[in-house]
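So the protein lines, in turn, are chains F and B.
Each residue of the first sequence is one higher than the one before, counting from 1 in my numbering.
Each residue of the second sequence is one higher than the one before, counting from 1001 in my numbering.
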Amino acid sequence: MNTSEYTEKLMALANKELFGDEKMQLEKEIQENPVLAEEYKKHLLAQDLLEDFIAQDLKQKFNAFPLPQEKSESGTATLRKLNPSRQKWAIAASVALILGVSSYLFIGNEYSYSQLADNYNLQMQEVRGTIPESDDIIGKAAYYISNDENEMAISLLSAISSDDDRYFTAQLLLGNAYYQAKNYTAAANAFNQSSKTSDEEVKYQGQYGFLLCKLKLNTWTEENRMMLKSLSLNEQFMYKEEAGALLKKLEIASYFN
Amino acid sequence: MNSSLETMDLAAAIRSGGPKREQALSNLYNVTGLFLKIKQMVTNHGGNEEDARDVFHEGIITLDRKIRQNEYEDRGTIESYLFGVCRFIWSNQQRKNKRVELKEDFTPFDRSSGENPLDTMLNNEGQHLVATLFGQLGENCSKILTLWKLSYSMNEIAEEMGLPSGDNARKHKFRCYQKLLGLIDNSPELAINLKNVGQ
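Following this line, the structure appears as structure tokens:
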């Protein structure tokens, strides 16, 4: 192939227009040829820039539109509210995985593992109102985490020993607190502990948190990828779709890490 | 428009790109009660109407991109999916705002706390960078590449751009794409970014 032909092919691959054997062959060449890999990065950047430009253009158009008529429709305008028991659990253990919108604008090295993890931030389910009662350590710690008072949360949660019923939930929260405090090694340990529970919701979220830490620590392995794949296919995992999206991003990132 | 959208139809229309995508986005934008629902969510959580409008717009942009990049699964209604996206966006925005506030009040030069308090500034820089780059690329080239990225066929691009044929549009597209690669090569900001990739 000459240079123009390579450019055509790389352009098609970056725009997901290449399929089958042709795609596999080119991907193999990119993996084996650092010069080609370097060139391919440029094509991926070009695609991202185009997406950013499209987003900006769309935003400008929307800003010129009048807002839709504010006519309420029964059934559609009702906000979902957590029932008390779900809320209790949410305060205790749930972790929302937020797909960041920062990727719409060109910031930093989007394909480094660390940056990828940033796009899938961990965040506690919304915890509003006053601090829970003093004997509710889990609720109290969740409150502190939601307010970024991580040291307070860590101090409370560390006191819950492994023979306590709340241990695994506490470890999941501890993982969150350490993660927010950017202590990814400690976060990975806590998430790993939480994933040893038989409670599937806590277990899968612990696994996912652990994987995000591995990205942050830049110690990503094939075994981790398999675990992420398994989560992305797991109907019981509430953030299955986010796991799937991250998996796709990692396919691109594998060229750069 | 009725709010009971056919998710498959809308997603398929967005995915197929071109004029169908624009129509689908316009329909989605005007779904009865959808903006109101998002406005209620934002205003119930500390935002105002302007915040709600921004979140609503960002949400549709996010949905559009996810569908076109095959990161959207056709499950449930598209409205509920969009609502979820908007909720995430607002929640994330609040978290960032809180951190910027804390940073200004207590530790203006401390880079160690908070996720990324400079996000807003970087976002603006990013926007400026993209605008500059596509300004250098020129209006015609920007439009051709945008249409291509939005899955317009070469014949449709030719028609939009007043070019004689699809083949001619293809040649223009290639030249414009090469020009974009050249601009990436010559942009110091992007060169730094390329260098950092993989580190």
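For each residue, glycine too, the CB sits at the ideal point set by N, CA and C.
What you are looking at is a predicted structure, and each value in this text was computed from that prediction instead of being measured.
Name, please, each residue of chain F whose Cβ falls closer than 7 Å to the Cβ of residue i.
i: N1030/B; result: P68
i: E1071/B; result: A245, K248
i: I1184/B; result: K42, L45, A46
i: I1157/B; result: Neighbours of I1157/B on chain F: none; closest Cβ ~14 Å, over 7 Å.
i: S1016/B; result: None at all; the shortest Cβ gap to chain F is about 14 Å.
i: L1181/B; result: K42, A46
i: L1190/B; result: L45
Am I right that residue i and residue j are in contact with their C-beta atoms under 8 Å? What's the rounded C-beta distance?
i: I1061/B; j: A55/F; result: 5 Å
i: Y179/F; j: A187/F; result: 4 Å
i: L13/F; j: K23/F; result: 6 Å
i: S1151/B; j: S1026/B; result: Not a contact, Cβ separation roughly 17 Å.
i: M1161/B; j: W1090/B; result: Not really, about 38 Å apart at Cβ, beyond 8 Å.
i: W220/F; j: K214/F; result: 5 Å
i: F191/F; j: F168/F; result: The Cβ separation is near 11 Å, so there is no contact.
i: K240/F; j: L231/F; result: 7 Å
With C-beta atoms as the reference, is residue i less than 8 Å away from residue j?
i: M238/F; j: Q207/F; result: no
i: G1059/B; j: L1036/B; result: no
i: L172/F; j: A153/F; result: no
i: E1079/B; j: K248/F; result: no
i: I138/F; j: A177/F; result: no
i: A46/F; j: I1184/B; result: yes
i: A1011/B; j: R1021/B; result: no
i: F53/F; j: T1132/B; result: no
i: K41/F; j: L26/F; result: no
i: M259/F; j: H43/F; result: Given that chain F is displayed from residue 1 to residue 257, the structure contains no residue 259/F and the question cannot be resolved.
i: N1048/B; j: P68/F; result: no
i: C1086/B; j: I1144/B; result: no
i: H1057/B; j: F62/F; result: yes
i: M1154/B; j: G1138/B; result: no
i: L156/F; j: K182/F; result: no
i: S194/F; j: G175/F; result: yes
I want to verify the contact list: residues of chain F whose CB lies under 8 Å from the CB of residue i, in sequence order.
i: L1010/B; result: Simply none; closest approach about 16 Å.
i: K1149/B; result: N15, Q47, L50, E51, I54
i: Q1178/B; result: T7
i: T966/B; result: Because chain B is modelled from 1001 through 1199, residue 966/B falls outside the range shown and cannot be assessed.
i: Q1023/B; result: None at all; the shortest Cβ gap to chain F is about 14 Å.
Count the other CB atoms within 10 Å of the CB of residue i; is the residue buried (16 or more) or exposed (fewer)?
i: I242/F; result: Here residue 242/F turns out to be Glu, not Ile, going by the sequence shown. E242/F should be labelled buried.
i: L233/F; result: exposed
i: V1130/B; result: buried
i: E51/F; result: buried
i: A1052/B; result: buried
i: T1032/B; result: buried
i: G129/F; result: Residue confidence is low: G129/F scores 41 on pLDDT, short of 50, so the model does not pin down where it sits. Its coordinate-derived value is still stated next. That one is exposed.
i: Q60/F; result: exposed
i: K196/F; result: exposed
i: P1019/B; result: exposed
i: A64/F; result: exposed
i: D163/F; result: exposed
i: F1134/B; result: buried
i: H1128/B; result: exposed
i: K216/F; result: buried
So the alpha helix (DSSP H) residue i belongs to, where does it begin and stop?
i: H1057/B; result: 1049–1068
i: V332/F; result: The structure shown does not extend to residue 332/F, since chain F is modelled only from 1 through 257, so no value can be given for it.
i: Q193/F; result: 184–194
i: G139/F; result: 137–146
i: K944/B; result: Coverage of chain B is limited to positions 1001 through 1199, which leaves residue 944/B absent and any answer about it impossible.
i: A12/F; result: 3–14
i: H1045/B; result: Counting along the chain, H1045/B falls outside any alpha helix (DSSP H), and DSSP gives it neither H nor E.
i: Q1023/B; result: 1018–1029
i: N150/F; result: 150–157
i: Y1177/B; result: 1166–1186
i: D164/F; result: Per DSSP, D164/F belongs to no alpha helix (DSSP H) and is neither H nor E.
i: Y40/F; result: 34–64
i: Y238/F; result: In the sequence as presented, Tyr is not what sits at residue 238/F; that position holds Met. Segment: none, M238/F is in no alpha helix (DSSP H) and carries neither H nor E.
i: S230/F; result: 222–232
i: E1073/B; result: Taken as a continuous stretch (DSSP letters only), E1073/B belongs to no alpha helix (DSSP H), as it is neither H nor E.
i: A1158/B; result: 1154–1161
For the ligand GTP, any of its heavy atoms closer than 7 Å to the Cβ of residue i?
i: G1084/B; result: Only the bare structure without any ligand can be found here, which leaves the ligand GTP out of the picture.
Could you tell me which chain B residues have their CB closer than 8 Å to the CB of residue i, listed as they occur along the chain?
i: F65/F; result: Y1029
i: F191/F; result: Within 8 Å Cβ-Cβ: nothing; F191/F doesn't reach chain B, min ~18 Å.
Which residues in chain F sit within 9 Å of residue i, going by Cβ to Cβ distance?
i: D1064/B; result: I54, A55, L58
i: I1067/B; result: The contacting residues do not exist; I1067/B stays about 12 Å from chain F at best.
i: S1153/B; result: Those do not exist, as S1153/B stays about 12 Å from chain F at its closest Cβ, beyond 9 Å.
I want to verify the contact list: residues of chain B whose CB lies under 7 Å from the CB of residue i, in sequence order.
i: F210/F; result: Within chain B, no residue comes near F210/F; the closest Cβ sits about 19 Å away, beyond 7 Å.
i: E241/F; result: E1073
i: M11/F; result: Y1177
i: F168/F; result: Within chain B, no residue comes near F168/F; the closest Cβ sits about 25 Å away, beyond 7 Å.
Closer than 9 Å by beta-carbon distance: list the chain B residues that pair up with residue i, in chain order.
i: F237/F; result: The contacting residues do not exist; F237/F stays about 14 Å from chain B at best.
i: F19/F; result: In chain order: nothing, as chain B lies at least about 13 Å away.
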